[in-house]
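In the working numbering, the protein residues as written are 1460 to 1708. Idealized CB from N, CA, C, for every residue including glycine.
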Ligand code: TYD
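Next comes the structure, spelled out in structure tokens:
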């Protein structure tokens, strides 16, 4: 389904596990909502809804064939669950907000399915089960070397989740690169941001990428020019504000 044009914008964050997309998606939401004068809402996939809850349980137990066989799904079933969770997410949460003019910032979206699920499945099939998912207006990919992601994952939790192992993430990284190249050829709006520096620096780059997107929309009919002008003048959150926000969890 192509973007039907609800007034709110859908911005998706993508990256390897450990790339910092959750932190940056939350900081962008805060900046848009509390500084830049645009209503914004943070959300995440897999969701906390009924289908997302099944997925999260499966992700937590990478070796569940031994410990909890009822949590084990074959790759195609898991891919269908991710796609179903996404459509449910759209219906219940994302679309109503976009229709009210709220910007929705999604921590992972369709490209995650293309990068992770197509490791073991036909990419065309994965694309096809996701074809009813609304296209995002902008995708921000946080580019972080695999080794840094693995270090961050190890520091975050001792028990790795389903995809959180070096061999799998190396293949996911390769898939992301292929997908991004293909999307750039199709003029899909995707911005690559270096996610290696400290959070405040990455946030500045994310805000720049977001401003670039809104700058281009300025001349379009139906866009609120004053609102966009105000957003373009708003500086990013400063390092101290970010430190306080991160400390508050
Ligand atoms: P989670 O711990 O919720 O996210 P993160 O570690 O990024 O904060 O785990 C989400 C995992 O699910 C992550 O390994 C990527 C994977 N995933 C898919 O494989 N396909 C998808 O469509 C989505 C949304 C996530």
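Item checked: residue 1602 - containing alpha helix (DSSP H), residue span -> Within the chain shown, the letter at position 143 stands for residue 1602. Element bounds for residue 1602: not the alpha helix (DSSP H) but the beta strand (DSSP E), 1597-1602.
Checklist line | In DSSP terms, what residue 1499 is bridged to | finding: One-based indexing of the chain shown puts residue 1499 at position 40. According to DSSP, which records beta bridges pairwise, residue 1499 is partnered with 1562.
Margin query: For residue 1470 and residue 1562, which I take to be in contact (beta-carbon distance under 8 angstroms), what is that distance rounded to the nearest angstrom?
Written below: Within the chain shown, numbered from 1, the residue matching residue 1470 stands at position 11. Within the chain shown, numbered from 1, the residue matching residue 1562 stands at position 103. Indeed they touch by this definition, with Cβ atoms about 6 angstroms apart.
Item checked: Bridge partner(s) assigned by DSSP for residue 1473 -> Taking the first residue of the chain shown as position 1, residue 1473 is located at position 14. Answer by DSSP bridge pairing, in chain order: 1600.
Margin query: On the CB-based measure, 16 or more other CB atoms within 10 Å of its CB, does residue 1507 come out buried or exposed?
Written below: As a position in the chain shown, residue 1507 is number 48, starting the count at 1. Exposed, by the Cβ-count rule.
Note to self: Just to confirm the assignment, what range does the alpha helix (DSSP H) spanning residue 1710 have?
What the structure shows: In the structure displayed, the chain extends from 1460 to 1708; residue 1710 sits before or after that span and is not available.
Margin query: Looking only at its chain, what residues have a beta carbon closer than 8 angstroms to the beta carbon of residue 1637, apart from the 5 residues adjacent to it on each side?
Written below: Here residue 1637 is taken as the residue at index 178 of the chain shown, counted from 1. Same-chain partners within the cutoff: there are none.
Item checked: Opposing strand residues paired with residue 1716 [DSSP bridges] -> Because residue 1716 is not part of the residues shown, which for the chain are 1460 to 1708, the question remains open.
Notebook entry, point to check: Smallest Cα separation from residue 1659: which of 1694, 1687, 1683?
Noted result: Here the question's residue 1659 lines up with position 200 in the chain shown. It is 1694 whose Cα lies nearest to the Cα of residue 1659.
Next item on the list: Tell me whether residue 1468 sits in a helix, a strand or coil according to DSSP, three-state version.
Entry: In the chain shown, the residue the question calls residue 1468 occupies position 9. DSSP places residue 1468 in coil when its eight states are reduced to three.
Item checked: Test item, CB below 5 angstroms from any non-hydrogen atom of ligand 1 -> 1476, 1481, 1504, 1541, 1567, 1571, 1572, 1575, 1622
Notebook entry, point to check: Between the beta-carbon of residue 1537 and the beta-carbon of residue 1570, is there less than 9 angstroms?
Noted result: The sequence position of residue 1537 within the chain shown is 78, counting from 1. The sequence position of residue 1570 within the chain shown is 111, counting from 1. Result no, Cβ atoms of residue 1537 and residue 1570 do not sit closer than 9 angstroms.
Next item on the list: Can you tell me which of 1568, 1534, 1692 puts its alpha carbon nearest to the alpha carbon of residue 1596?
Entry: If you number the chain shown from 1, residue 1596 lands on position 137. Out of 1568, 1534, 1692, 1568 has the C-alpha closest to the C-alpha of residue 1596.
Notebook entry, point to check: Under 9 angstroms, do residue 1491 and residue 1472 count as touching if we go by C-beta distance?
Noted result: Numbered from 1 along the chain shown, position 32 holds the residue referred to as residue 1491. Numbered from 1 along the chain shown, position 13 holds the residue referred to as residue 1472. No. Outside cutoff.
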